[in-house]
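Step one of this worksheet: look at the structure below.
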Amino acid sequence: MRFEAPKTTELAVALLAQETGTARVLAGGTDLLVQMKMDMITPDLVVDIKHIDGMHDITPEDGGFRIGAAVSGAALGEHAGVCALWPGVVEALELIGSTQVQGRATMAGNLCNASPAGDSVPAMAAAGAVARIAGPDGTRDCPVADVPVGPGKTSLAKGEFITSILLPSRPDNASDAYLRFIPRTEMDIAVASAGVSLEFDAAGTCTAAAVILGAVGPTILTADASCLVGTKLEDAALEKLAACCSATATPIDDKRGTTEFRKDVVGVLAKRAAKIAQTRAGAKS
Amino acid sequence: MALDTEKREFKILGTRPLRPDGVDKVTGRALYGADMSAPGMLTGKILRSPHAHARIISIDTSAAEALQGVKAVVTANDFAKASNSFMQDGLDNCMARGKVLYHGHAVAGVAAVSEAIAKQALKLIAVEYEVLPHVTEILDAIKPDAPVLHPDRNFKRLPEGTAANISHTTDFGHGDVEAGFAAADLIVERTFKTEATHQGYIEPHACLASMGPDGKADLWCCTQGHYNVRGMCADYLGMNISQLRVTASEIGGGFGGKTTVFIEPVALALSRKAGKPVKIVMTRDEVFKASGPTLSSLTDVKIGMTKDGKITAGYAMLRYQCGAFPSGTIDLGAMSAFAAYDLDAVHTEGFNVMTNRPREAAYRAPGAPTAVYPVEAVVDELCLELGLDPIDVRLLNAADEGTKASYGPTFEAIGLKATLEAAKAHPHYSAPLGPNQGRGVSAGFWFNFGGNTSVSLSLNDDGTVAVTEGNPDIGGSRASISMMAAEELGIPYENIRTIVADTNSLGFNDVTDGSRVTFAVGLATIEAARAAIKIMCTRVAKIWDIDPEAVTWEDGYAKPAGENAGKYDPMSLAEIAAIANKTGGPIAGHHEVNADGAGVSFGVHLADIEVDPETGFTKVLRYTVFQDAGKAVHPSYVEGQMQGGAVQGIGWALNEEYIYGEDGRLQNAGFLDYRIPVASDLPPIDTVILEIPNPGHPYGVRGVGETPIVPPLAAVSNGVSRAIGKRMSALPMSPPKILKVIKG
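Sequence lines, in order, name chains X and W. Taking the numbering used here as reference, the numbering of the first sequence is continuous, increasing by one, and the terminal residue is 389. Taking the numbering used here as reference, the numbering of the second sequence is continuous, increasing by one, and the terminal residue is 1095.
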C-alpha cells in the first residue's frame, strides 16, 4: 500500500486518476481506517487530502458557508455562524461517533462513505447543500443529494474527490433539524433518520419544506413534504407528513431493525424534527 | 469455618481505603494480557471456520509453512489426547478436530515474525470442508430430524427418547404441584425467551507462551484462574504440570468468561514448534465469535396464587441452548428459579441443548438470570391481576432461615426478607411515576461458592506484611484481602501488600468464580494471619520466658495475659518482626483449605422505566439495588459489584443479543451492533447494602459479585410491561420488539 499526502488539489487528482489499483481518499479516516482494519478493503493507494490548502477552512460565501472537506465535526460545532444558520446540519454531523471521532470525522467523508445511514447526509440534502468536486476534467458542483447512488457507491468518477461543501444562505423565519433513531443514546448508527428544513412567512405559515429520510432505503430518500406548506404544522399536517414518510420509506429487515419498525419510526422522527425546526425558525404556531 | 463467636468491633472492615491497583490502572502501568513481551517473540494468529457446521476433509498448511517469516503452523494434530471427555471438549473448542461446530471455530494456528505475515499465512492455509446442515435455535435443535453435532457421542445419563443434541437434563422439586394449582385463585402460565449475550469484557483474550527445547514452559495470560489454565494446557500439550508455570496478568474484565482456555494451548503449541515465544491477542471479532457467550433460553412458567397473594404452586420447564459442547447450566437454572420462595409445591425441570454456536462459557451467576426472569415476571403479572403489592407478595412468600429450598437444602440465616423490607421502605419505592413510566420489582438469588484456596502471609523485618494469594483480582479482592489481614493482625492497611502469585509460588487455587474470593481467600487469609500470630506469641513467650498460652494478641501487640498480665511491656508486630532472626527465623503463616459455608445471597432490584409509545425507545429513569453482603469488607467495591451486575443485566434485558443469519453466521460480532449500555444510557445506580452475617465466615462475609446480575432482567421487563400496560415476554426488549407489542 502506498500513502501519499499531496499539497495541492491537482496533485491529489493526478494520483487518484493514475492509480491502476484501488485508491481511497483519506480525510478524517473514521470510516476508511475501520474498513481497512476489518479487512473489508485493502487499498493500493491512500491519498491524504488534509495537507491541501483550504481543506480545513470554513468560508462565508453568498450568505452561506463553504466547508472544507477536512473540517471535523468538532470544528464545525464551534463555528457560531454555521451553527446559527444550519443547526440541523451541525447537530447531524455531531451525532457521529464519540468525542474522539468528532475530532476527525468530516461531512465530506460521511457523504462519500455513501452509507444510507450516514447522519449528516439527510440534513445536508434537506439544506440543499452542494458538493464541489475536483477531478481530471476540472471542477464541478453537484447537489449533495446526487452524490450517493447506492450503499457504498457514489456518483464520483475515477480521479474525482470532494474539496468542499457549500451550505447555502437561507431566508429569515427558516431553520432545520435532524433526528435519528438509535436503541441507545449515543455511539450508534441510525436505524431510521430524518432531516427537515422549513421556511415560514411572517405569520408563521410554512412556505417551503424539505424532508429527507435516512437508513430507510439504499440511499437517502426525499419525502413529499408539500403537506406542510400552507400550514402552521398543526397535528393533522404532521400526521400527514408522518404517513407520507412511512409510505416513502423502502427499508430492509436487518440486525438493526425491522421493515415495519423503520417505516413507523421514520414518520415519527420527521414530524418531531419538523416541530424542532419550526421552533428554531421562531415561527408562530 | 464458623463465624467468630465473640462479636467484634471492626476497625478496618467497612472503611473505604484507596484501591491498591488504582494508580497502576489510571497511569497505564498495569500490565494486561497483551502487555507482555519477550525477546524474539512471534505473533500468533488463528484461522477460523467460515461455516456453522462442516466436516474438515483436509487441511493443507504447506503453502503457509513455505511463506518467508512463518515459523510454525499447528492444527488439532499438534495436541495430545485429553484425559477425559470434559477436558477433550475444552481442547476441541480451542482447535477443531474432524468437524467445525460453529462460525468462528478455530481450525489452525500460525506463528510468524509479524502480524502481516501471520495474516497472509492464514490465507494460504487450504481447508477443504464438507458443509453440513446447521442448527442454531433451541426448538430446531430438539427436532427428531435436527442436524446432530456429536453423533458419535453417547450422553448416557439421559432418559430414553431424549433428542440427540440434548447433553443434560434436570429435575428438582417437592410437594404436590397439581394440588397446589387446584388451590389457586389465579394461575398464570407463560413462555419466555432470552437471547445469548456476551460477558462483554473490555480486554480481549491475550497471552504470551514460551517453551524451551527442554520442554519447560512459561505462560502469561489474562485469566480468572491460572491454576486451571495450567491444568488444561498441560493436559492438552501432554506435559506434566510442574513443567508449566502460569502467571496471570492484570485483568480487564472476566465476568466468568475467562474461566477456561481459548488461545493459550494454541500459543504453547506454536511456541513448542517454533522454538520461540509466541503472543496471541484476540481481535474483538474473535472474542465475539469464539469466546464467551452465555446461554439462550426458552422457558415455560406456571404459578398459582390465592387472592391474598399466597403462592400455591410453581412449575418451570427450562430449555437452555449451550452452544457446540455439552453443558450442565440447566441444573443451576432449575435450582435458582424459585429459590426466593418458601413453597409447599414446586417443580422445575429442563435440559441443555447443543447447537452450532460458540460453546457456552460461564457468565456471572451462570444459569440463574434466565431462570429467575420468567418466574419474577409471572409473579409480577399475578400481583397486577390480583391488585397486590409486588413487595408484599414477595414478603408473604419469601424464603427465610429454615425454609426448605426448592432445590433441596434448608437455608441457614439469609437476608431476603430484610432486603425486601429495605426496598419497601426506600423512597424510591414510593416515588411518583409519570405517564408512560413503570416500576419493576424483582428478587434474585445466587448460591455462592467457597472452594480450594491457598494463602501465604509473611512478616517483613520492618513490620510490614506480604500476602500472597492465587486468585486474579477481578473485583477488588487485593484490597479486601489486605483489609482482612490488617484487621486480624491489628496493623494499618497501608502496611500490607497483597499480590497474586504464579502457579509455582503457592498451593492450588480454584478459579476466581462463584463469588468465592473475598469469602474463601479472605477466610484463608484470616487463618494464615492467625497462624502467624501464634508463631509471634510463641516467640514473645520465649523472650519473656513464660508459657506461650500466657501470651495474647490484641490490636497488633503481643501482651502478657493471665497471672502475667502487666508484667511485661507489650511487643508490637514490628518489634517482633525486627528481631525474628534472633528468635527462630522468618515468621510466616499460611493456610490451605477447601472452603465450604459460602452462604447464599439474595438481592432485590427496583427499576423505573419510561417507554416512548411511538418508537418503543426505553429509558431507565431510576434504579436501586438492595443486597445482603453478609459483611461489606470494602463497601465501595461491594457497591461497584452491585452497580456493575445491574448494568450488565440491564443490557441483557434491553439490547444485547447474538444475532444469527440463515447461514448460521454471527451477524453482530462487534460492539457497534452488539449493544452494551453506554454511560449516557444509564442513571446513577443507587445501592443499599444489608449485612446479615454469613454463619460460615469468621467475619460474616458473603460473596456479592454474581447475585446483582440476576434480578435486572425481570426488574426491567416488569417496569417496561407496567409502562406500556402489556406483558413483555422476550428479551432483549429492543425498540422494534416493544413497539410491536404496543401496537398489538
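All C-beta atoms, glycine included, are put in the ideal place defined by N, C-alpha and C. Fair warning: this is a prediction, and the values are worked out from it, not measured in the lab.
Within chain W, the C-beta atoms nearer than 8 Å to that of X/PRO287 come from PHE968, LEU1005, ASN1006, ARG1026, SER1085, PRO1086, in chain order. Among the residues facing chain W, X/ASP328 is not included, as its CB has no counterpart in that chain under 9 Å away. The stretch 808-819 of chain W makes no contact with the stretch 971-984 of chain W: fewer than 3 CB pairs, one atom from each, lie closer than 8 Å. W/ALA497 carries a coil assignment under DSSP once its states are collapsed to helix, strand and coil. The C-beta of X/MET142 comes closer than 9 Å to at least one C-beta of chain W. In this structure, X/ALA385 sits away from X/GLY371, with a CB-CB distance that is not shorter than 9 Å. Residue-level contact check: X/ASP223 does not touch chain W, since none of the beta carbons of chain W fall below 9 Å from its beta carbon. In this structure, X/ALA209 lies near X/GLY177, with their beta-carbon atoms less than 9 Å apart. DSSP places W/ALA1030 within a helical segment (H, G or I) once states are collapsed to three. The residue from X/ALA281, X/ILE356, X/VAL253, X/ALA381 with its alpha-carbon nearest to that of X/ILE324 is X/VAL253.
In summary, the residues of the stretch 1010-1036 of chain W whose CB is separated from some CB of chain X by less than 8 Å are ILE1010, GLN1018, ASN1019, LEU1023, ASP1024, ARG1026, PRO1028, VAL1029, SER1031, ASP1032, in the order they occur in the chain. W/ALA716 has its alpha-carbon roughly 12 Å from the corresponding atom of W/ARG867. Proximity of W/GLU965 to chain X, defined by a Cβ-Cβ separation below 9 Å, is satisfied. Taking all protein chains in view, the Cβ of W/THR699 is crowded by 16 or more other Cβ atoms within 10 Å, so the residue is classified as buried. The shortest CA-to-CA distance from W/PRO628 to any of W/ASP636, W/GLU637, W/ALA618, W/ARG635 is the one to W/ALA618. The secondary-structure analysis by DSSP pairs W/PHE532 with nothing; it has no beta-bridge partner.
Within the DSSP bridge table, the entry for W/GLN978 names W/GLY954, W/ILE1040 as partners. For W/LYS640, the closest Cβ of chain X is not nearer than 9 Å. Using a 10 angstroms sphere on the CB of W/PHE437, the tally of other CB atoms stays under 16, which defines it as exposed. In the three-state reduction of the DSSP assignment, W/GLN788 falls in the strand class, which pools E and B. Within the model, the alpha-carbon separation for W/ARG670 versus W/VAL744 is close to 27 Å.
Within chain X, the residues whose beta carbon sits less than 8 Å from that of W/LEU1090 are PHE365, ASP368, VAL369, listed in sequence order. Think of a sphere of 8 Å around the beta carbon of X/VAL320: no beta carbon from chain W falls inside it, the nearest being about 14 Å out.
DSSP places W/GLY802 in the strand class (E or B) of the three-state scheme. For W/ILE938, the CB contacts under 8 Å within the same chain, skipping 5 residues up- and downstream, are SER809, LEU810, ALA883, ILE886, MET887, ARG890, ILE927, ALA928, ALA931 in chain order. In terms of beta-carbon proximity, W/ASP636 lines the interface with chain X, with at least one pair separated by less than 9 Å.
Among the residues facing chain W, X/LYS359 is included, as its CB has a counterpart in that chain under 9 Å away. Annotation for W/GLY655: the continuous beta strand (DSSP E) segment containing it runs 647-656. For X/LEU325, the enclosing beta strand (DSSP E) begins and ends at 325-327.
Using beta-carbon distances, W/LYS1094 counts as an interface residue toward chain X, with a partner under 9 Å. Within the same chain, LEU646, TYR671, CYS673, ASN703, GLU711, PRO717, GLY718 come within 7 Å of W/THR680 by CB-CB distance, once the 5 residues on both sides are set aside. Residue environment for W/VAL377: exposed (fewer than 16 other C-beta atoms within 10 angstroms of its C-beta). Taking a Cβ-Cβ cut-off of 7 Å, the neighbours of X/ILE293 in chain W comprise LEU1023, given in sequence order. X/ALA116 and X/PRO255 have their C-alpha atoms roughly 25 Å apart. The criterion of a C-beta distance shorter than 9 Å is not satisfied by W/HIS942 and W/SER856. The Cβ of X/GLU290 sits closer than 9 Å to at least one Cβ of chain W.
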